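Residue numbers (our numbering), protein chains in the order written: chain A, 42 to 176; chain B, 8 to 385. Working notes, beginning with the structure itself.
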């Protein structure tokens with residue numbers, strides 16, 4: 042669905058810090074939302090979590106930088122990082138162009154998925170959340 | 008600062024086309040298309056900035072030259088009518104009260120253009136210092152619109168709507184012309200490192216913005232064939248940083264002297280007397296302890312204001328401005344380091360979050376001045 046110019050794909054889970062989660066088998070893929078990339082604009086640098094490191098829900102797992110500002114990426118789900126998107130190192134603008142596909146950030150082996158999903162939003166809820174932020 | 012933010016003549020345009028932010032008490036566009044395309048438009052073609060938020064005052068009278076020589080560090084006597092220079096005003100300790108461009112309109116009439124954030128501080132200071140001089144000061148910030156038209160195609164753009172031949176106005180010279188029929192003062196100056204003009208649309212009270220808006224629109228129209236872009240404060244900042252120019256409040260303030268900031272070329276110590284002279288003479292004799300330098304990152308990472316600069320195991324300085332350079336495609340910064348480390352080519356590290364990222368000290372501007380900037384050869 043599209044709300045106020047922002048893409049919000051169905052089937053993903055969303056955090057209040059504007060990260061998305063896609064469940065793929067026993068792993069999750071995470072990234073930042075269209076809203077996040079539009080707010081940052083012109084992303085020039087991405088710091089990815091280390092593969093093998095453990096991340097905790099709503100704790101910092103990396104950084105994205107635009108020309109003007111630094112923003113933290115929060116882990117939307119706790120677990121072990123099993124893969125990161127190395128394309129972002131040389132092409133951080135993928136986050137602006139394709140936040141939900143080529144601009145994915147990390148794959149995580151979750152440790153507490155069922156419980157943590159409850160604190161995330163579905164597409165409908167996230168759409169309402171960002172339209173309130175826009176007011 | 009808690010007041011309602013002020014709006015410029017172009018507010019409607021900015022809100023419609025740009026991403027707005029409050030800067031120095033004004034609602035200003037941060038960018039329209041984006042900082043990078045706007046930055047590149049200025050380096051390669053031409054861009055236009057609304058800089059009406061800046062402070063502008065007229066200083067006139069029989070003692071205008073003597074007075075300005077007393078409160079500023081540059082030599083006002085060397086300024087012929089229709090010329091401009093960059094300068095600073097200092098406090099008694101030699102700390103910079105502000106940096107600005109001074110234009111001599113007539114023998115006894117000057118226009119001073121200073122930082123938006125220092126509007127009232129500067130005006131009050133100048134008025135207070137002027138009491139024993141035969142001069143008149145007038146704040147014209149809300150009566151003259153100000154745009155910057157910058158880039159290698161700036162002259163061609165403005166020429167299309169100018170009644171006067173702008174080619175006759177050389178760098179740091181000024182003149183009067185009509186732009187789209189509106190009486191305007193133009194100076195061949197700017198804050199981007201590029202050739203270009205700063206345009207002052209005369210007698211345009213903020214309450215009736217029509218004339219200023221029309222000049223802005225006509226410049227955009229005239230520049231269309233050259234690829235003009237309206238540019239926001241974001242590109243203004245990356246452009247001035249690449250050019251090695253100071254931003255007041257970041258790179259210079261009342262605790263830093265022009266000598267430490269590398270602005271010695273606007274400090275004329277042979278002048279009779281001026282505020283801060285004794286302190287500056289003393290510092291010059293004793294030698295400065297720290298100096299503003301450029302740092303170009305050798306590894307990935309974006310240096311930002313207040314990040315620490317390290318040499319081996321020692322913290323030696325602090326970044327005052329930093330960004331990623333759209334031309335060089337790497338991180339660049341300004342920092343103050345002890346004079347013994349302020350050597351071109353010296354390797355340092357900037358602490359970016361938990362990492363030490365390698366960089367080296369370079370001279371300003373950051374770009375190759377034979378390829379970019381007003382001295383470019385191509």
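For every residue, glycine included, the Cβ atom is placed at its ideal position computed from N, Cα and C. Computed from a prediction, not measured in an experiment: that's the story for all the values here.
What three-state label does DSSP hand residue i in the structure shown?
i, result
"residue 160 (chain A)", "coil"
"residue 20 (chain B)", "helix"
"residue 315 (chain B)", "strand"
"residue 222 (chain B)", "helix"
"residue 2 (chain B)", "In the structure as shown, chain B starts at 8 and stops at 385, and residue 2 (chain B) therefore has no counterpart that could be examined."
"residue 281 (chain B)", "coil"
"residue 180 (chain B)", "strand"
"residue 286 (chain B)", "helix"
"residue 134 (chain B)", "helix"
"residue 309 (chain B)", "coil"
"residue 189 (chain B)", "strand"
"residue 207 (chain B)", "strand"
"residue 382 (chain B)", "coil"
"residue 124 (chain B)", "helix"
"residue 105 (chain B)", "strand"
"residue 276 (chain B)", "coil"
"residue 10 (chain B)", "coil"
"residue 65 (chain B)", "strand"
"residue 135 (chain A)", "helix"
"residue 246 (chain B)", "helix"
"residue 174 (chain A)", "helix"
"residue 47 (chain A)", "strand"
Please check if any C-beta of chain A sits within less than 8 Å of the C-beta of residue i.
i, result
"residue 199 (chain B)", "no"
"residue 327 (chain B)", "no"
"residue 252 (chain B)", "no"
Quick one, which of the options has its alpha-carbon nearest residue i's?
i, options, result
"residue 33 (chain B)", "B:10, B:45 and B:50", "B:10"
"residue 97 (chain B)", "B:368, B:265 and B:280", "B:265"
"residue 78 (chain B)", "B:99, B:216 and B:55", "B:99"
"residue 171 (chain B)", "B:186, B:177 and B:158", "B:186"
"residue 80 (chain A)", "B:45, B:25 and B:54", "B:25"
"residue 192 (chain B)", "B:184, B:199 and B:88", "B:184"
"residue 153 (chain B)", "B:63, B:233, B:95 and B:72", "B:63"
"residue 124 (chain B)", "B:29, B:216 and B:114", "B:29"
"residue 281 (chain B)", "B:75, B:292, B:200 and B:57", "B:75"
"residue 234 (chain B)", "B:334, B:351 and B:160", "B:160"
"residue 102 (chain B)", "B:166, B:177, B:268 and B:208", "B:268"
"residue 259 (chain B)", "B:223, B:178, B:292 and B:342", "B:342"
"residue 64 (chain A)", "A:96, A:72 and A:113", "A:72"
"residue 180 (chain B)", "B:188, B:169, B:369 and B:202", "B:202"
"residue 164 (chain B)", "B:376, B:225, B:331 and B:244", "B:225"
"residue 335 (chain B)", "B:381, B:304 and B:357", "B:304"
"residue 145 (chain B)", "B:168, B:118, B:327 and B:82", "B:118"
"residue 350 (chain B)", "B:243, B:367, B:321 and B:134", "B:367"
"residue 104 (chain A)", "B:66, B:321, B:308 and B:114", "B:308"
"residue 58 (chain A)", "A:76, A:172 and A:121", "A:76"
Give me the chain A residues within the contact set of residue i, using Cβ-Cβ distance strictly less than 7 Å, ordered along the chain.
i, result
"residue 339 (chain B)", "Here the premise fails: no neighbours, minimum Cβ distance about 12 Å."
"residue 330 (chain B)", "108"
"residue 458 (chain B)", "Absent from the model: residue 458 (chain B). The displayed extent of chain B is 8 to 385, so no value can be given."
"residue 87 (chain B)", "None at all; the shortest Cβ gap to chain A is about 40 Å."
How would you list, in chain order, the residues of chain A whose beta-carbon sits under 9 Å from the beta-carbon of residue i?
i, result
"residue 29 (chain B)", "Simply none; closest approach about 14 Å."
For a contact meaning CB atoms closer than 8 Å, what does residue i contact in chain B?
i, result
"residue 125 (chain A)", "None at all; the shortest Cβ gap to chain B is about 15 Å."
Examine chain B for any beta-carbon lying closer than 8 Å to the beta-carbon of residue i, and answer yes or no.
i, result
"residue 104 (chain A)", "yes"
Against residue i, what residues of chain A qualify as contacts under a CB-to-CB distance less than 8 Å, listed in chain order?
i, result
"residue 245 (chain B)", "108"
Note down, in chain order, all residues in the stretch 354-374 of chain B with a beta-carbon under 8 Å from any beta-carbon belonging to chain A. 360
Interface residues of the stretch 291-317 of chain B facing chain A [CB-CB below 8 Å]: 307, 308, 309 and 311
May I ask you to list, following chain order, the residues of the stretch 58-91 of chain A that have a beta carbon less than 8 Å from some beta carbon of chain B? 82, 83, 85, 86 and 88
For the stretch 137-150 of chain B, list every residue whose C-beta sits within 9 Å of some C-beta in chain A, in sequence order. none
Name, going along the chain, the residues of the stretch 24-52 of chain B whose beta-carbon falls closer than 8 Å to a beta-carbon of chain C. Reference to chain C is not applicable here, since the protein chains of this structure are A and B.
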